[in-house]
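Have a look at the structure below before the remarks.
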Amino acid sequence: MKQKWWQTAVIYQIYPRSFQDSNGDGIGDLRGIINRLDYLQELGITAIWLSPVYQSPNDDNGYDISDYQAIMPEFGTMEDMDELIEQAGQRDIKIIMDLVVNHTSDEHKWFIESRKSKDNPYRDYYIWRDPLNNDVPNSLRSAFSGSAWEYDAESNQYYLHLFSKKQPDLNWENEKVRQEVWDMMNFWLEKGVGGFRMDVIDLVGKIPDLGVTGNGPKLHDYLQEMNRETFGKYDVLTVGETWGATPEIAKLYSDPKRNELSMVFQFEHIGLDQQEGKEKWDLKPLDVNELKQVLSKWQVSLGNEGWNSLFWNNHDCPRIVSRWGNDSAYRVESAKMFAILLHLMKGTPYIYQGEEIGMTNYPVTDINEVQDIESINMYHERFESGYKHEEIIESINAKGRDNSRTPMQWDDSEQAGFTSGIPWLHVNPNHREVNVTASLADPNSIFYCYKQLIQLRKANPILVWGDYELVDTPAHVFMYLRHYQGQTWAIVANFGPEKATLNMPNFGQSQNIIISNYGRESVDFANLLLNPYEAFAVEV
Ligand code: GLC
Ligand code: CA
Numbered sequence: 000m001k002q003k004w005w006q007t008a009v010i011y012q013i014y015p016r017s018f019q020d021s022n023g024d025g026i027g028d029l030r031g032i033i034n035r036l037d038y039l040q041e042l043g044i045t046a047i048w049l050s051p052v053y054q055s056p057n058d059d060n061g062y063d064i065s066d067y068q069a070i071m072p073e074f075g076t077m078e079d080m081d082e083l084i085e086q087a088g089q090r091d092i093k094i095i096m097d098l099v100v101n102h103t104s105d106e107h108k109w110f111i112e113s114r115k116s117k118d119n120p121y122r123d124y125y126i127w128r129d130p131l132n133n134d135v136p137n138s139l140r141s142a143f144s145g146s147a148w149e150y151d152a153e154s155n156q157y158y159l160h161l162f163s164k165k166q167p168d169l170n171w172e173n174e175k176v177r178q179e180v181w182d183m184m185n186f187w188l189e190k191g192v193g194g195f196r197m198d199v200i201d202l203v204g205k206i207p208d209l210g211v212t213g214n215g216p217k218l219h220d221y222l223q224e225m226n227r228e229t230f231g232k233y234d235v236l237t238v239g240e241t242w243g244a245t246p247e248i249a250k251l252y253s254d255p256k257r258n259e260l261s262m263v264f265q266f267e268h269i270g271l272d273q274q275e276g277k278e279k280w281d282l283k284p285l286d287v288n289e290l291k292q293v294l295s296k297w298q299v300s301l302g303n304e305g306w307n308s309l310f311w312n313n314h315d316c317p318r319i320v321s322r323w324g325n326d327s328a329y330r331v332e333s334a335k336m337f338a339i340l341l342h343l344m345k346g347t348p349y350i351y352q353g354e355e356i357g358m359t360n361y362p363v364t365d366i367n368e369v370q371d372i373e374s375i376n377m378y379h380e381r382f383e384s385g386y387k388h389e390e391i392i393e394s395i396n397a398k399g400r401d402n403s404r405t406p407m408q409w410d411d412s413e414q415a416g417f418t419s420g421i422p423w424l425h426v427n428p429n430h431r432e433v434n435v436t437a438s439l440a441d442p443n444s445i446f447y448c449y450k451q452l453i454q455l456r457k458a459n460p461i462l463v464w465g466d467y468e469l470v471d472t473p474a475h476v477f478m479y480l481r482h483y484q485g486q487t488w489a490i491v492a493n494f495g496p497e498k499a500t501l502n503m504p505n506f507g508q509s510q511n512i513i514i515s516n517y518g519r520e521s522v523d524f525a526n527l528l529l530n531p532y533e534a535f536a537v538e539v
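Residue numbers (numbering that gives the first Met the number 0): 0 to 539.
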């Protein structure tokens with residue numbers, strides 16, 4: 000593989016609504032991001048993945064776009080956007096745009112036209128079907144509960160929405176739709192963006208009449224066409240959000256020979272605490288052994304025919320330190336353990352805003368405190384079908400998307416330095432201790448662990464290119480090796496609040512500690528006592 004900039008990169012995801020408000024309206028904005036670029040430069044990241052900032056009625060916080068070439072007024076103007084690209088560039092930080100083209104908003108001009116009549120020129124931009132026996136065309140369900148079909152009385156047809164009914168699905172089989180998308184992408188590429196994160200891109204090849212949504216037959220043709228018509232001429236990062244990807248599928252997207260994407264987000268590890276065949280709300284405890292198997296499978300199976308993206312968190316997932324770590328007694332230790340474990344693997348790591356200071360979930364007790372459409376719809380659907388209030392709230396606290404969307408905690412002041420007004424979503428009260436100012440002042444903070452990990456990746460080809468090997472250890476200890484040109488690093492993580500012992504004399508002793516969350520200075524593998532959530536890397 001010829002080296003690309005994104006293979007040594009670390010990406011930082013910003014959820015603009017919750018990052019930094021600059022004008023006191025309680026909503027984060029582009030000016031706020033510009034004002035915080037120095038902080039991101041200090042952390043050392045290569046690029047920002049910016050969740051959507053386009054014009055949107057905000058049914059799904061910007062993932063419902065009504066104009067792809069305009070900025071949401073709450074966030075600022077196109078001039079602010081240009082300035083963000085420019086100011087980030089001066090700090091060697093690229094801006095990766097969120098590309099949400101499986102669907103638009105129902106307030107997009109294409110859809111406003113489309114729903115006017117059956118013979119409107121835009122009718123076929125979306126997916127319209129006749130009723131079947133006076134009912135929905137088929138049993139496809141929306142990811143946000145209920146049927147995926149919405150009835151339009153005026154034309155006596157249904158349109159498809161795999162997400163909310165304000166997010167009608169585009170008809171990718173229509174060449175004109177694809178051309179519109181390519182034109183829009185070229186508009187952004189000409190502005191100098193560093194790439195695209197492609198929202199639910201695995202759905203664009205759907206055949207709704209057969210109930211096929213993910214991985215449809217034309218998906219890869221479309222992506223090759225997209226590559227040819229848009230970013231193929233640029234040196235950019237492209238990452239597809241692909242919930243159903245297996246390693247074999249991931250290679251189809253990211254094998255450099257196929258000219259599709261740089262990499263995809265796979266979610267196999269993210270699903271490990273959900274009951275098989277059920278919804279994400281149906282919880283089960285994490286089996287660390289399964290996590291080891293899944294992550295290791297992804298590490299070894301792509302080989303030179305693909306590239307991994309590495310992440311624990313994003314705006315759709317709960318905070319990992321609360322989810323699989325310990326956000327009370329061992330918050331700092333477990334947050335660093337997750338960081339060390341992930342960032343020393345092969346692939347491109349992604350950090351979600353606030354992860355680098357160990358932000359945690361903030362539990363709710365009432366559905367009125369929830370803003371996210373996914374949780375709200377699910378609440379009502381399950382409540383009506385007989386689930387108890389407590390049970391549903393428990394699953395929202397475990398898995399709801401608002402967990403990771405509470406405002407960024409900059410300091411210990413009233414609203415955490417996020418806003419001088421009333422924040423759109425409650426600030427986590429633990430911002431009195433957990434905040435950026437405190438992290439920057441403490442040389443042992445989670446922040447500096449992330450900073451060190453980013454620097455290690457930039458300086459050590461073994462992290463970028465080294466082979467990966469899982470080591471057989473007791474269930475709650477996760478140990479792997481990276482091998483490169485005769486060099487071997489061992490990464491060890493104790494995945495729990497109990498101490499653990501390891502007895503692996505064949506790895507010898509070493510003083511070459513690369514990083515440690517307990518200030519460890521040496522290791523003797525013949526007699527290794529691990530502290531709760533201890534993690535380190537050592538040359539062996
Ligand atoms: C993706 C986004 C999510 C959004 C959905 C619909 O999964 O990450 O936030 O709700 O697509 O656009
Ligand atoms: Ca604002």
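Each residue gets a CB set at the ideal place from its N, CA and C atoms; glycine is no exception.
Because the structure is a prediction, the values reported are computed rather than measured.
Of the residues the options, the one placed nearest residue i, counting alpha carbons only
| i | options | result |
| --- | --- | --- |
| glutamate 368 | Arg404, Leu341, Leu343 and Thr359 | Arg404 |
| serine 394 | Glu373, Arg16 and His475 | Glu373 |
| lysine 190 | Lys93, Gln156, Thr364 and Glu259 | Lys93 |
| lysine 175 | Asn313, Asp123 and Ile391 | Asp123 |
| proline 56 | His425, Val331, Asp220 and Ile70 | Ile70 |
| alanine 152 | Gly145, Ser141, Asn173 and Asp129 | Asp129 |
| tyrosine 361 | Met377, Glu355, Phe74 and Asn402 | Asn402 |
| lysine 1 | Gly305, Ser50 and Val287 | Gly305 |
Cβ neighbour criterion (16 or more within 10 Å) applied to residue i
| i | result |
| --- | --- |
| tryptophan 148 | buried |
| glutamate 278 | exposed |
| proline 120 | exposed |
| histidine 379 | exposed |
| serine 308 | buried |
| serine 163 | buried |
| glutamine 408 | buried |
| alanine 525 | exposed |
| arginine 481 | buried |
| glutamate 332 | buried |
| proline 473 | exposed |
| methionine 77 | exposed |
| isoleucine 353 | In the sequence on display, residue 353 carries glycine and not isoleucine. Result: buried. |
| glutamate 41 | exposed |
| histidine 388 | exposed |
Beta carbon of residue i nearer than 7 angstroms to that of residue j
| i | j | result |
| --- | --- | --- |
| tyrosine 11 | isoleucine 350 | yes |
| phenylalanine 18 | leucine 98 | no |
| glutamate 533 | asparagine 493 | yes |
| serine 65 | serine 104 | yes |
| glycine 239 | leucine 260 | yes |
| tyrosine 479 | tryptophan 464 | no |
| serine 412 | glycine 23 | no |
| alanine 334 | isoleucine 445 | yes |
| isoleucine 490 | leucine 343 | yes |
| methionine 221 | leucine 188 | The question names methionine, but residue 221 is tyrosine in the sequence shown. No, the Cβ-Cβ distance between tyrosine 221 and leucine 188 is not below 7 angstroms. |
| glycine 213 | leucine 202 | yes |
| isoleucine 95 | tryptophan 48 | yes |
| glutamine 86 | isoleucine 44 | no |
| arginine 30 | aspartate 79 | yes |
| isoleucine 461 | isoleucine 339 | no |
| valine 542 | serine 509 | The structure shown does not extend to residue 542, since the chain is modelled only from 0 to 539, so the question has no answer here. |
| glycine 88 | aspartate 28 | no |
| alanine 437 | leucine 282 | no |
| isoleucine 319 | asparagine 313 | no |
| glutamine 68 | phenylalanine 186 | yes |
| valine 192 | asparagine 101 | no |
| leucine 452 | alanine 499 | no |
| tyrosine 158 | tyrosine 125 | yes |
| isoleucine 26 | aspartate 20 | yes |
| proline 531 | proline 496 | yes |
| histidine 430 | alanine 415 | yes |
Contact test: residue i Cβ vs ligand 3 heavy atom, cutoff 6 angstroms
| i | result |
| --- | --- |
| isoleucine 490 | Among the ligands present in this structure, namely ligand 1 and ligand 2, ligand 3 is not found. |
Cutoff 7 angstroms: residue i Cβ touching any chain D Cβ
| i | result |
| --- | --- |
| histidine 102 | Among the protein chains of the structure shown there is no chain D, as only one such chain exists. |
Exercise for review: Starting from the N-terminal end, write out each residue whose C-beta falls within a distance shorter than 5 angstroms of any non-hydrogen atom of ligand 1.
Suggested key: The set of residues with a C-beta under 5 angstroms from any non-hydrogen atom of ligand 1 comprises Asp59, Tyr62, Phe162, Asp198, Val199 and Asp315, given in chain order.
Check your understanding: ligand 2: which residues have Cβ under 5 angstroms from any of its heavy atoms, chain order?
Key -> Each of Asp20, Asn22, Asp24, Ile26 and Asp28 has a C-beta closer than 5 angstroms to some heavy atom of ligand 2; these make up the full list, in chain order.
Review point. Using 8 angstroms as the threshold, is the segment 263-270 in touch with the segment 241-248, meaning 3 or more CB pairs across them?
Key: Yes: the two stretches touch, three or more of their Cβ pairs being nearer than 8 angstroms.
Exercise for review: Would you be able to state if there are at least three C-beta pairs under 8 angstroms between the segment 49-63 and the segment 154-168?
Suggested key: The segment 154-168 makes contact with the segment 49-63: 3 or more CB pairs, one atom from each, lie closer than 8 angstroms.
Practice item. Pair every Cβ in the segment 440-457 with every Cβ in the segment 2-11, then say whether three or more of these pairs are closer than 8 angstroms. Key: In short, these stretches touch, since the Cβ pair count reaches three.
Review point. Do three or more CB pairs link the segment 422-433 to the segment 297-304 at distances below 8 angstroms?
Key: Contact between the segment 422-433 and the segment 297-304 is absent, because fewer than three Cβ pairs lie under 8 angstroms.
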